[in-house]
Every structure is written in structure tokens, then in C-alpha cells.
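Shown next, in C-alpha cells, is the structure this report addresses.
In UniProt numbering, the protein residues as written are 1 to 104.
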């Protein structure tokens, strides 16, 4: 028959690349496990800070609230000042409107 032992062993290229094993380019698993992590107290503080929100935003909102209050106060003074001075004219207007209603 034919020649039997002239076979060449097949070498898996992936296995060859792994066996050569180049130098690791990144951190190892041990490095990841030994890295610095925050303590439980620090994590709780961070969570509380996130819940409370930004201090600058709170200050800005307070500023806007004060500004709005001052505008409301000015408008109230305008309306109340105008109503006190024109109480006589209001009475006249009420009389006129009541007369008009009676005529209809």
C-alpha cells in the first residue's frame, strides 16, 4: 500500500500564540482586586451628596425666589395704592353698572 509515517504534525496557530504569551499590556486581576476603593462611610456620604443636589443651584433658586417676592410686593403695593385712592370712583362705577342692569 502506501507509506504511512510521512505525516507532519498539525500545530494550532492560536495555541502557539498563547504558548508564547507576550508581556501583559494591562493590569492583572490581582491589581484590580487590590486597587483603592472607598469605604462604606465614604460611599454613604457620596450618596447623600447626590440626593441633596447642588449647593449653587439651591442658592440660585433662593435668589430667584427673593427676586420674585420683591416683584410681588411691588405689584401688591401698586394695586392696593391704586384701589385706596380710587375708592370713590369704584362706588360711582358700581352705581352706573347697577343702573344699567336695572334698565335692561
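Every residue gets a Cβ at the ideal spot worked out from N, C-alpha and C, and that includes glycine.
- In the DSSP assignment, residue 15 falls within the alpha helix (DSSP H) that extends over 13 to 20.
- When rounded, the separation of the alpha-carbon atoms in residue 16 and residue 30 is 26 Å.
- Taken through DSSP and simplified to helix, strand or coil, residue 35 comes out as coil.
- DSSP places residue 52 in the uninterrupted alpha helix (DSSP H) bounded by 40 to 52.
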